[in-house]
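Have a look at the structure below, then the notes.
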Amino acid sequence: MNKFFYIILFISLSSCKQKQLLFIEKTPEQTGIHFTNTITENDSLNFFSYQYIYNGAGVAAGDIDNDGLEDIFFVSNKKGGNKLYKNKGNFQFEDITAAAGIEGKSQWSTGVTMVDINGDGWLDIYISTVTIEGLLQSSNELYINNKNGSFTEAAAQYGLDFKGHTTQAAFFDYDNDGDLDCYLLNHSIEYAGDYKTAALRKNIDPLSGDKLFQNDNGRFKDVTIKAGIYSSSLSYGLGIAIGDLNNDGWQDIYVSNDFKENDYCYLNNGNGSFTEKSRQMFGHSSRFSMGNDIADYNNDGWLDVITLDMLSQDEKVLKSSVADDDLDTYNFKQEFGFNYQFSKNCLQQSVDGQYFQDIGLQKRIAATDWSWATLFADFNNDGLKDLFISNGYKYRANDLDFNNFVQETASTIKQQGKPLDKRALIRKMPEGKVADYFYLQDADGNFNDESAAASFTKLTLSNGTAYADLDNDGRLDLIVNRLDEPAGIYQNNMPLNNYLNIKLKGDYKNTLGIGSCIFIYFKQGIQLYQQSLSRGFMSSVSPTMHVGLGNEKFIDSLIVVWPDGRGQKLFNVECNTNLELQQKNAVVNFKRPTAKANMDTSWQDITNASGISFTHKEDAFEDLNVQPFLPHSIATQGPKTTLADVNNDGLQDFFICGAKGQPGQLYLQTNQSTFIQSLQPCFISDSMYEETDALFFDADEDGDMDLYVCSGGNELYGHNALLKDRLYTNDGKGNFKLSIK
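Sequence positions in the sequence shown follow the working numbering and run 59 to 799.
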């Protein structure tokens, strides 16, 4: 064989070499983690009696024995099925559940949070549960760490033995008094009534409504209503995230709600109460909001929000699933007081903490199918936060063919007087397994789908998810709780960039420094991290805060601001190490860092002082119902405006068009740069015209500005606006009369 042959052979073998996987999935035999969350259905407990039966359960990561290794706790939907695994190093784990006495006593468990609730420096475990009269008997469980590998259940002692429909709990210091309070995220089990009014949010449901508990010397008391928290059966809470959204030093709350109810965004007033501001701060939200996360994904110093939904990239699934409401139904629901919702993931980017803009479509992460947990974290340590999304639902209950089949079958069986075999119907649903998604963020702020390269290719039923550095190699690993199959343990296999692990040691009872902000300043800019453990979906992540730094070997400066406002600044912090920050070293009256401003401050809003009081009132007409192939609605493009000096005083005036039923309005400018509305009888007489455009010009050549107004509409399709254009002539003093119609 000649030399050329060997060269070709070498090239061929090199091309066949498998690309290095970003994550390596460890098998149960390798890790010793033999956990599967398996649910058991029967004639009374099934999808028709509890529609969240396939939502799965959560997972928590944390060092429960303070040996420097992150341990794992898995929640099972089955009584006595919870599992606690001790980390022995090198991805070897030991099942210590029985010795720890933490199997669980409730009939249905959901979420889990690791937290040092009593401030003794040891992680405790709080488990959320579901009670349904006649089906499930449970109460939320709190396991206090005995510091010897065992736990004692003490929920009743702490006032946290809630019996209801709990999804997850979040512990945080909402009143900045040094101890941890508790937000219980609950969900309704009533699935009918899309046309209930949003005013019912003020009603109280003792089982389904969310609850806020204030820590009063170790005993938690219900302050839900006093604090301004909604606690009604309208809420279908699936995601809870805590963070200081407006950077004022007080922790805010974001709640993802499934079905018809909007998400809640509670801004902390700093006086023990909250104000729900979702409508003011978010233009829209996900429709079937599931898991969520809060993080500064774009490194601008402001926390952003991501929520998940059920929009699929698969065209077949997309076309065969229940979609968003038709326009008439959609608009009809708005009359009940609900804000806009769309069936897609939303990446809500903060604009200086004042409001949020959804850029999920632009970032190509809006469609990931039936998604549950979402986690922002820097998995490749390049200084940019990446994104993991867990996926899958046992059966596609939103399949259109199945829904038609159920209605027809139920009607037939009812006519025949036979009992309905619900479990047989459930088995007719199409399966809903979906692969998980993993995105790496690039330097341009785009999220690139690297799911296949990250080993996420098989179809699964993934639910709760947590991240932690399980082998202490400076890279975050992933833990996934799955339904009806072994849990996923994923070892991070990406090239090791520089990093910093930060452990917080707080004073008093908040030993983990929950609510603290970390500002990282380095050559690439700024990174913001906020300590909050309940993330994703029914799960809690490692309390160790992990910072990726790319090629930087030193951090220029690091600032930590504790919940009580004390702060500390460090310079030239070395990377690739564990840094412990202690609250006792912080100073009082610390000046909180100001996040980078993204808004153009050269403009000032003077609307209220201007005298302009016009509010456009669009009439009810949906052109998409008439022409469904329009790329977008052209009937709601808003009012057009035209400028001119109509009264010859040397100042610019303006006319603004009105919709059908609303006359156009003329505003005259004053010498004080304010405006006065000029009432014109001819404009009021022509209010039934749909005004689509306008222009000032000297039509009769008499030296003043006349007004031409265009009209639109479609009488043939029921848009009963008058159609003719009009010309209004000016008398030179700003008074108009109709000249030509």
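Backbone N, C-alpha and C define an ideal beta-carbon position, used for all residues, glycine too.
Quantities reported herein were computed from a predicted structural model and do not represent experimental measurements.
Which residue's Cα is closest to the Cα of residue i: the options?
i: alanine 115; options: Gly790, Glu128, Lys141; result: Lys141
i: proline 544; options: Leu79, Leu701, Glu87; result: Glu87
i: valine 618; options: Ser598, Lys642, Leu607; result: Lys642
i: alanine 212; options: Asp235, Asn176, Ser590, Val599; result: Asn176
i: phenylalanine 360; options: Met552, Asn438, Lys391, Gln407; result: For clarity, residue 360 is tryptophan in the given sequence; the question names phenylalanine instead. Per the Cα distances, Gln407.
i: glutamine 582; options: Gly761, Ser745, Leu607, Val767; result: Leu607
i: aspartate 802; options: Leu785, Asp744, Glu749, Glu748; result: Any property of residue 802 remains undetermined from this structure, which presents the chain solely from 59 to 799.
i: asparagine 559; options: Arg485, Asp436, Asn203; result: Asp436
i: leucine 194; options: Asp174, Gly222, Gln215, Asn203; result: Gly222
i: phenylalanine 679; options: Ala702, Asn705, Ile670, Ala717; result: Ala717
i: serine 597; options: Leu80, Leu682, Asp384, Trp430; result: Trp430
i: cysteine 404; options: Ser343, Leu369, Gln109; result: Ser343
i: aspartate 479; options: Glu489, Asp310, Leu103; result: Leu103
i: glutamine 150; options: Asn683, His92, Ser592, Asp182; result: His92
i: phenylalanine 577; options: Ala524, Thr569, Leu639, Gln399; result: Leu639
i: leucine 756; options: Ile734, Ser797, Gly719; result: In the sequence under discussion, the amino acid at residue 756 is aspartate, which differs from the leucine named in the question. Ranking the options by Cα distance to aspartate 756, first place goes to Ser797.
i: tyrosine 184; options: Glu248, Asn630, Pro721, Ser592; result: Ser592
i: tyrosine 398; options: Leu376, Leu445, Asn356, Phe346; result: Phe346
i: asparagine 2; options: Ala158, Gln272, Asp494; result: Since the first residue of the chain shown is 59 and the last is 799, residue 2 is not available in this structure.
i: serine 448; options: Pro721, Gly490, Gly475, Gly571; result: Gly490
i: serine 555; options: Pro488, Asn357, Asn327, Lys611; result: Serine is not the amino acid found at residue 555; the sequence shown has asparagine there. Per the Cα distances, Lys611.
i: glycine 696; options: Glu748, Gln738, Ser731; result: Glu748
i: aspartate 703; options: Asp764, Gly349, Leu376, Lys563; result: Asp764
i: leucine 265; options: Thr255, Asn304, Ile584, Asp219; result: Asp219
i: glutamate 319; options: Phe414, Ser331, Arg454, Gly267; result: Gly267
i: valine 409; options: Lys486, Tyr548, Gln338; result: Gln338
i: aspartate 125; options: Glu161, Ile160, Trp180; result: Trp180
i: glutamate 199; options: Glu191, Gly162, Asp235; result: Gly162
i: glutamine 626; options: Gln499, Ala644, Asn609; result: Ala644
Do residue i and residue j have their C-beta atoms closer together than 9 Å?
i: phenylalanine 340; j: aspartate 321; result: yes
i: threonine 518; j: serine 509; result: no
i: asparagine 539; j: valine 117; result: yes
i: lysine 567; j: leucine 238; result: yes
i: valine 492; j: aspartate 542; result: no
i: threonine 700; j: phenylalanine 754; result: yes
i: glutamine 309; j: proline 601; result: no
i: isoleucine 714; j: phenylalanine 672; result: yes
i: alanine 425; j: leucine 369; result: yes
i: valine 133; j: asparagine 95; result: yes
i: isoleucine 202; j: aspartate 182; result: yes
i: valine 599; j: alanine 512; result: no
i: asparagine 521; j: phenylalanine 595; result: yes
i: leucine 726; j: asparagine 357; result: no
i: phenylalanine 446; j: threonine 467; result: no
Using the Cβ count rule (16 or more neighbours within 10 Å means buried), how would you classify residue i?
i: serine 293; result: buried
i: glycine 301; result: buried
i: valine 605; result: buried
i: lysine 675; result: exposed
i: arginine 379; result: Reading the sequence as shown, one finds serine at residue 379 and not arginine. Serine 379 comes out buried.
i: serine 743; result: exposed
i: glycine 790; result: exposed
i: tyrosine 253; result: exposed
i: arginine 277; result: exposed
i: histidine 245; result: buried
i: isoleucine 734; result: exposed
i: leucine 80; result: buried
i: glutamine 78; result: exposed
i: glycine 708; result: exposed
i: glutamate 773; result: Unreliable positioning characterises glutamate 773 in this predicted model, as indicated by a pLDDT of 43, which lies under 50. The coordinate reading is nonetheless provided below. When all chains shown are included, glutamate 773 counts as exposed.
i: threonine 187; result: buried
i: phenylalanine 660; result: Per the sequence shown, the amino acid found at residue 660 is serine instead of phenylalanine. So serine 660 ends up on the exposed side.
i: glycine 776; result: Residue confidence for glycine 776 is low, a pLDDT of 42 falling below 50, so the modelled location carries little weight; the figure read from the coordinates is stated next. Classification of glycine 776: exposed, given that the 10 Å Cβ count is below 16.
i: proline 721; result: buried
Item to check | contact_flag[the stretch 166-174, the stretch 221-237] where n(CB pairs < 8 Å) is 3 or more | outcome: yes
Next on the checklist: Assess contact between the stretch 635-650 and the stretch 204-219, defined as three or more Cβ pairs (one per stretch) separated by less than 8 Å. Is contact present?
Outcome noted: no
Checklist entry - Do three or more CB pairs link the stretch 525-535 to the stretch 470-478 at distances below 8 Å? => result no
Item to check | Inter-stretch contact (C-beta, 8 Å, three-pair minimum) for the stretch 254-263 and the stretch 283-298 | outcome: Yes, since at least three Cβ pairs between the stretch 254-263 and the stretch 283-298 fall closer than 8 Å, the two stretches touch.
Checklist entry - Which runs of the beta strand (DSSP E) fall wholly inside the stretch 330-356 and span at least 3 residues, in chain order? => result 332-334, 350-353
Next on the checklist: As an exercise, report each continuous beta strand (DSSP E) stretch of at least 3 residues that is fully enclosed by the stretch 541-610, in chain order.
Outcome noted: 546-550, 556-563, 575-580, 583-588, 603-608
Item to check | Segments of 3+ residues assigned as beta strand (DSSP E) that fall wholly inside the stretch 619-684 | outcome: 625-632, 636-640
Next on the checklist: Threshold first: 3 residues or longer. Then list the beta strand (DSSP E) segments lying entirely within the stretch 63-132, N to C.
Outcome noted: 81-84, 117-120, 129-132
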